[in-house]
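All residue numbers for the sequence shown refer to UniProt numbering, where the first residue is 1 and numbers rise by one.
Positions of the beta carbon are idealized from the N, C-alpha and C atoms, including for glycine.
Just below is one structure, and these are the notes that go with it.
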Amino acid sequence: MALAKNTVFLFCYILCITLTNFGLNFRPVFAQTPAFACDVSSNPGLKNFSFCDVSLDVKTRVDDLVKRLTLQEKIGFVVNGAKGVSSLGIPDYEWWSEALHGVSYIGPGTKFTSLVPGATSFPQVLLTGATFNESLFELIGKVVSTEARAMHNVGLAGLTFWSPNINIFRDPRWGRGQETPGEDPVLSSKYGAAYVRGLQQRDDGDKDRLKVAACCKHYTAYDVDSWKGNLRYSFNAVVTQQDLDDTFQPPFKSCVLDGNVASVMCSYNQVNGKPTCGDPDLLAGVIRGQWKLNGYIVSDCDSLKEMFYSQNYTKTPEETAALAIKSGLDLNCGSFLTDHTQAAIDRGLLNETDVNKAISNNFATLMRLGFFDGDPSKQLYGNLGPKDVCTPANQELAREVAREGIVLLKNTEGSLPLSPTAIKSLAVIGPNANVTKTMIGNYEGTPCKYTTPLQGLTASVATVYQPGCADVSCATAQVEEAKKVAAAADAVVLIMGSDLSIEAEAKDRLDITLPGQQSILVTAVANVSKGPVILVIMSGGGMDVQFAKDDPKITSILWVGFPGEAGGAAIADVIFGYYNPSGRLPMTWYPQSYVDKVPMTNMNMRPDPATGYPGRTYRFYTGSTIFSFGDGLSYSQFNHHLVHAPNLVSVPLDEGHVCRSSKCNSIDAIEETCKNLAFDIDLRVKNVGKNGRK
């Protein structure tokens, strides 16, 4: 009998090991419930702590929590990998998650598993900016935050997302321009505030609480990553006050005042000799003081380390830690503050009260998110889960955004749209014709699925595919093979451009032409083609394609940005006329001669006739362009007329105003004066062209 028991025990032991080795154990690799504080069901004693009392206001709860922590415990909460306090029922929390154009796997706060293998991947932001559609910006944010909450509920995402990027796309070489809405401060301001509202606003209308917490970055005047030895970690952006006020700062101001964003991230660079993360005027003075940020200020990752080691701005690490916290920084992405804050206090450079202020802002944000409200399954959004990620509606929205953003830049009469019934053979050529990951750009997540351009086009007509180049660098073009395919087809679609090997974070471009031998391939193919030749440019910025603009054999040009997971379907929708293109360029396309003579490091926006400096962006640059900001064609024509508008708008002016008559050409009215002067204009628009598509 004893032998039988031992035999059974041995069998069970071996079976358990075997199941574990084959991945069949019943302990999940990743948690399927989120970490949260104030779990009173498991620890009833937490009911006695005021910071767990949801009936109290946030400040009272935060003050109660802070006073219960030791100094070392407090220091653990000034970094992104915050260390929990088990005695108070507070788990670890990872602050760093990203959601630039969908829930991303960049950052340790988010991961994809078999439980949630992907999330909706919208077009890269620059193409979304080309829609100029403010309500769409907000709707994207709403979908992304719903998917983020759903992933949070199964332990795969946090609640704090360091997006959007609202820096100005000042120079066409910038590798991260693709992440931004473009070069215009007004468009960037509208985008930032709308996307933040979509991410943060709750469906119950409670303005004091957050669905997820957004973060507007990178504050400020950051748009040089790596150009001719100039690195973002040590670059000093020399900016005039005028340019700071009317170009670089407005998107951040709008993010805080109009979007009520929960966080702002300071950047690596210096501005006029001061590191942004150590500048009390920019942080405590402007963000916290003038704009009244209700949230926390976070550093870009390892920027404090770079402040000390790369910029040599301070003499010791302790001085760096003290400067950052005293300047208004609340949270450090990295370990610098955990490594050096205690020593800074020991040296008298910092005191515990300074640390209290920082962590109070952090805790307040988490409380507005419900992190200290106990079981999230019993809160608003507690019913969300994997079923709410990658829904058909969300994926269709990704396709719709791409369609709205695609810009038609050239269209010889009768070229586009192609007729899917008339075209019997379509040649699809180019290194970006059958790509997947290229379409989603950087700060990406795992998409729900991909539809490549080749797949999208093949769904409507018979296609013949020839890549033409091994990759976008196109060191050697496969010209003869491509010409053979093109010559036999009724029409040709060339899908060229760049990818993250050409332009990305930490990778600024040196020139803005099509890479390698791409232009040779395009011209050769166009010369042998017997029908329409459509050049599709997939890129994260503008390119000098003057040769294609001037070539009569190239009948159409489309810019499609990095169009997201459904980019191929959206490209086909536009090419075949299922969708009428309406996108407009959110950035200037300069000639190569512009970047040949203008240093990327010159931050001046306005031209200088004395030196020949031509200025930047459509607001100040007056030279020749390949295509201009706002360019974009349609398949149709529209009439519009003004139905109703007020005949007179009265603006109260200060007594000292120079001109106080209705004959003034313009008036200078302060913002407070204009706040309550909104009025409606009724403009009627009618499609009067041959193409009645959306």
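Check: P185 C-beta below 7 angstroms from any heavy atom of the ligand ADP: With respect to small molecules bound, the structure shown includes none, and the ligand ADP cannot be examined in it.
Rounded separation between I325 and E505 - CA only: When only Cα atoms are considered, I325 and E505 end up about 27 angstroms apart.
Alpha helix (DSSP H) segment containing N362, residue limits: Membership of N362 in the alpha helix (DSSP H) is indicated by the continuous run E352 to R368.
Expected contact under 8 angstroms - CB spacing of Q124 and E179 to nearest Å: 7 angstroms
Where the alpha helix (DSSP H) through S254 begins and ends: P250 to L257
Three-state secondary structure (DSSP) of H101: Coil at H101, not helix or strand.
Closest Cα partner of A82 within the set G158, R149 and Q270: G158
Local conformation of G567 per DSSP, three classes: helix
Cβ-based neighbour list, K90, same chain, cut-off 6 angstroms, excluding 5 preceding and 5 following: With the sequence shown as reference, residue 90 is identified as Ile, and Lys is not the correct amino acid for it. Result list for I90: A37 and G84, in chain order.
DSSP-derived helix/strand/coil call for residue 756: No answer is possible for residue 756: it lies beyond the span of the chain, which begins at 1 and ends at 694.
Which listed residue (I429, Q200 and P646) has its alpha carbon closest to that of residue 703: Residue 703 lies beyond the stretch modelled for the chain, which goes from 1 to 694, so this question has no answer here.
Of the residues D596, I537, N580 and G612, the one placed nearest F638, counting alpha carbons only: When only C-alpha atoms are compared, the closest one is N580.
DSSP-derived helix/strand/coil call for A324: helix
Contact the segment 264-271 vs the segment 631-645: 3+ CB pairs below 8 angstroms: no
Pick from L677, T314, A343 and I512 that is closest to V649, judged by C-alpha positions: Nearest in C-alpha terms to V649, of all of L677, T314, A343 and I512, is L677.
Three-state secondary structure (DSSP) of C448: coil
Touch test, the segment 272-279 against the segment 227-247, Cβ-Cβ under 8 angstroms, three pairs minimum: Short answer: they touch.
Same chain only: Cβ atoms within 8 angstroms of G568, ignoring 5 sequence neighbours per side: M439, Y450, T451, T452, P453, L454, Q455, G456 and L457
Simplified DSSP state of C52, which is helix, strand or coil: helix
Beta-carbon spacing of Q546, P591 below 8 angstroms: yes
Check whether V196 and G289 have beta carbons under 8 angstroms apart: no
Cβ-based neighbour list, S310, same chain, cut-off 6 angstroms, excluding 5 preceding and 5 following: Y233 and S234
Opening and closing residue of the alpha helix (DSSP H) in which I557 lies: Taken as a continuous stretch (DSSP letters only), I557 belongs to no alpha helix (DSSP H), being part of the beta strand (DSSP E) at S556 to W559.
Burial state of Q72 (16 or more Cβ within 10 Å): exposed
Inter-residue Cα distance where the pair is L323 and H218: Whole-angstrom Cα-Cα distance: 19 angstroms.
Cβ neighbours of C215 in the same chain (closer than 6 angstroms, five flanking residues each side left out): W162, S263 and M265
Through-space distance from P563 to T588, alpha-carbon basis: 19 angstroms
Exposed unless 16 or more other CB atoms sit within 10 angstroms - verdict on D225: buried
Bounding residues of the alpha helix (DSSP H) (the contiguous stretch that carries A489): From DSSP, A489 is part of no alpha helix (DSSP H); its letter is neither H nor E.
Which of helix, strand or coil DSSP assigns to F679: coil
Limits of the alpha helix (DSSP H) - the one that T463 falls within: Here T463 belongs to no alpha helix (DSSP H); instead the beta strand (DSSP E) covers T463 to Q466.
Three CB pairs or more closer than 8 angstroms across the segment 302-322 and the segment 334-342: Touching, yes.
DSSP beta-bridge partners of I90: V85
Proximity winner among M600, Y621 and T601, relative to D608 (alpha-carbon distances): Y621
Pair within 8 angstroms by beta-carbon distance, G561 and L126: In contact: G561 and L126 (Cβ atoms closer than 8 angstroms).
Sequence-distant residues of the same chain with beta carbon closer than 7 angstroms to L65, five excluded per side: Closer than 7 angstroms at Cβ, skipping near neighbours: F51 and F363.
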